[in-house]
Structures are given as structure tokens and as C-alpha cells.
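One structure below.
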Amino acid sequence: MDISIVIPVYDEAEALPDLFSRLTEALDQLPQSYEIIFTNDGSRDGSAAILDRFAEVDQRVRVVHLSRNYGQTAALMAAIQNSTGAVIIPIDADGQNDPADIPRLIEKLSEGFDVVSGWRRSREDNALTRRLPSILANRLISAVLRVSLHDYGCTLKAYRREVVEDVRLYGEMHRFIPVFAAWEGARVTELPVTHHPRRFGRSKYGLGRVSRVLLDLFTLYFIDRAFDRPIQFFGKFGLWFLLMSAMSFGFSLALKYGAGISLIQTPLPLLAATIGLSGILFLLLGIMAEVQARIYFEAKGKPPYKVRRVVQHAAIPRLRLAPRRW
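Heads up, the sequence shown is in the numbering used here, so the first residue is 7 and it goes up one at a time.
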């Protein structure tokens with residue numbers, strides 16, 4: 007199979023017929039073979055019956071029914087794991103993404119990129135509750151994670167299968183797949199895509215999701231900076247705390263012997279002890295995290311690198327490389 011379209015669905019019964027019609031119209035113009043994988047994420051509005059009807063009339067459709075509502079990230083992961091295409095393209099079920107952009111994503115991918123991320127440059131959403139928070143969040147994510155994208159939240163993207171097949175997602179991390187790919191050396195680019203106003207149903211997104219995204223961002227910041235070297239991350243805090251503790255205690259001794267101020271007359275000794283204990287705890291935390299990281303890498307048999315390709319003289323026998331290549 008050449009292309010897999012993966013679509014998480016939660017209570018989108020009104021939007022599904024129109025989406026399916028536009029989707030098949032756009033995909034039928036492609037020379038590549040394709041399949042459409044829907045994940046019914048515990049819908050309660052009749053979406054399940056509509057999706058089953060799609061599968062009955064079109065052999066290219068597969069529907070995965072989850073036992074309850076697990077959220078968009080889990081639903082997207084279920085669809086990816088049940089797909090077979092060499093190229094995987096997620097798209098929202100609400101009809102705001104335009105299926106007509108899919109051929110452009112595939113064309114861009116053929117230029118040598120591993121990920122093509124959609125960018126809703128002209129976004130058809132409320133400016134105060136959706137667009138402004140999105141702009142601020144995207145800038146923060148790019149600054150913290152050191153990956154330059156304008157629109158992490160756009161579901162419409164194109165991935166080579168090898169980029170996403172081993173990614174395990176949780177929380178709200180589906181939006182960060184391009185970040186994981188970039189960290190592994192994948193070639194990531196953006197492409198402006200059309201964004202339609204919502205015609206059917208109500209949005210499932212709200213400001214409450216911002217806190218969850220920020221927590222996931224903090225997790226990714228730690229993974230980026232310290233996952234394979236936690237002792238260096240925590241150790242720096244520990245050493246700085248120990249240094250401040252020593253300086254505080256030294257200053258308290260200077261006050262005692264230089265100005266005659268007793269140790270019990272100043273809070274500096276207590277402050278030095280508290281900061282010093284915090285420094286020791288940071289160092290111990292770093293050591294424990296380092297041990298856990300080593301156990302993880304040893305258990306997975308996972309090297310700390312990925313090979314893109316190897317170039318050598320044709321007369322030399324080619325080595326068999328265990329690491330997966332992009």
C-alpha cells in the first residue's frame with residue numbers, strides 16, 4: 007500500500023459524509039494506491055454506524071472501534087498501527103482540513119523530506135480563544151524544543167512510515183511527532199494548507215487543553231535535554247545548590263569571626279543546610295535517573311544514534327547495520 011489516511015473520530019456524525027466524499031474525490035486522482043483508516047474513539051452520536059457503512063461500501067476503508075474515548079493521541083496511534091501504507095497522512099474528521107491539499111503534501115514529501123507539516127496560515131477560527139493562544143503556544147514550543155514550525159496543532163501532515171511506526175504516543179503528544187522526527191535526524195518542512203470554518207458540530211478543543219500541552223512540553227524539554235544524560239541535567243542543579251550552600255555557610259562564619267555575630271543570630275546556617283540538602287537530593291536524583299536510563303537503553307538494545315546511510319567503495323563488503331535507517 008502506498009498511502010494511508012488516518013482519521014481519529016469522536017462525535018462527528020454530521021461531518022463524516024461530506025468529509026468522506028471530498029476525501030475519496032481527492033484521493034482517486036492520485037496514481038498511488040491508498041487506504042483510509044478511521045478510529046472511532048468512543049463516539050456516542052451515531053458516528054460508529056456511519057463509519058461501518060463506509061467500510062461496507064468501500065474495501066479501501068478500515069474502521070477501528072475503541073472500547074471508550076481515549077483521546078485524539080491514542081486514537082491516532084491506533085489508526086497508525088492498523089495502517090499499512092508507506093506514507094501516513096493524518097487528517098481531522100471535522101472537515102476543517104481540506105483533502106485537496108493531500109496531493110501537495112505527497113509532492114512535497116517526494117522532494118526528499120521525511121515529514122511535511124501542514125501550516126494553517128489563514129486559520130478560520132476565533133481570534134481570541136483559538137488563534138492567539140495557538141500563535142503564542144507555537145512560538146513557545148519552537149523556542150523550547152528548538153524545532154522551527156509555525157503550526158504544531160495542524161493535524162494534516164505527511165510522514166514516511168519509518169518516521170512514525172516506532173513512536174509511542176501518550177497525553178497530547180500527537181502534535182509533537184515532527185519534533186520527535188527532527189530529533190532523530192528526519193528532514194522536516196512545512197507547507198501552507200487550506201483551513202475551512204467548521205460547518206458541522208462543535209469543537210472539542212478548549213482553553214483547558216492548554217495546561218495539558220504545557221505539561222507535555224515540559225516533559226519533552228526534559229527528554230530533549232537530559233533523557234540520555236540525566237546526571238548532567240540534575241547534577242548541574244545539585245552542584246550549584248552545593249556551591250550556594252558553601253557560600254552561605256562561609257559568609258555566616260565570616261560574620262561570626264569578623265563581626266561577632268553568632269551563628270544562631272542569623273538564618274544563614276539554616277539556609278546553607280537547606281540548600282545543601284537540596285543539592286545532595288538533586289545529585290541522588292541524577293544518579294537514579296542515570297541508572298534508569300542505562301537500564302532502558304540496555305533492555306531495548308537501542309544505540310544512542312541512527313544511521314541515515316553509509317558510503318564506501320564498491321569493492322569493500324558492505325556491513326550489516328542494525329540501526330534502522332531513515
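For every residue, glycine included, the Cβ atom is placed at its ideal position computed from N, Cα and C.
- Here DSSP, grouped into helix, strand and coil, assigns serine 154 to coil.
- Distances from the alpha-carbon of glycine 244 to those of Arg231, Phe288, Ala265 and Phe206 put Phe288 closest.
- Secondary structure at valine 219: helix, using DSSP grouped into helix, strand and coil.
- Runs of the alpha helix (DSSP H) lying entirely within the segment 233-317, each at least 4 residues long, are 236-265 and 274-306 in chain order.
- Straight through space, the alpha carbons of leucine 249 and isoleucine 42 are spaced by roughly 59 Å.
- DSSP places histidine 180 within a helical segment (H, G or I) once states are collapsed to three.
- About 15 Å separates the Cβ atoms of leucine 274 and phenylalanine 247, ruling out a contact at the 8 Å cut-off.
- The way I'd put it, the segment 76-89 does touch the segment 170-185; three or more beta-carbon pairs between them come closer than 8 Å.
- Arginine 129 and histidine 201 have their alpha carbons spaced roughly 6 Å apart.
- For serine 27, the enclosing alpha helix (DSSP H) starts and ends at 22-33.
- Under the three-state reduction of DSSP, arginine 110 is assigned to helix.
- DSSP places phenylalanine 44 in the uninterrupted beta strand (DSSP E) bounded by 40-46.
- Taken atom to atom, the span from the alpha-carbon of valine 169 to that of leucine 155 is near 17 Å.
- In this chain, valine 69 is not harboured by any alpha helix (DSSP H); it is covered by the beta strand (DSSP E) spanning 67-71.
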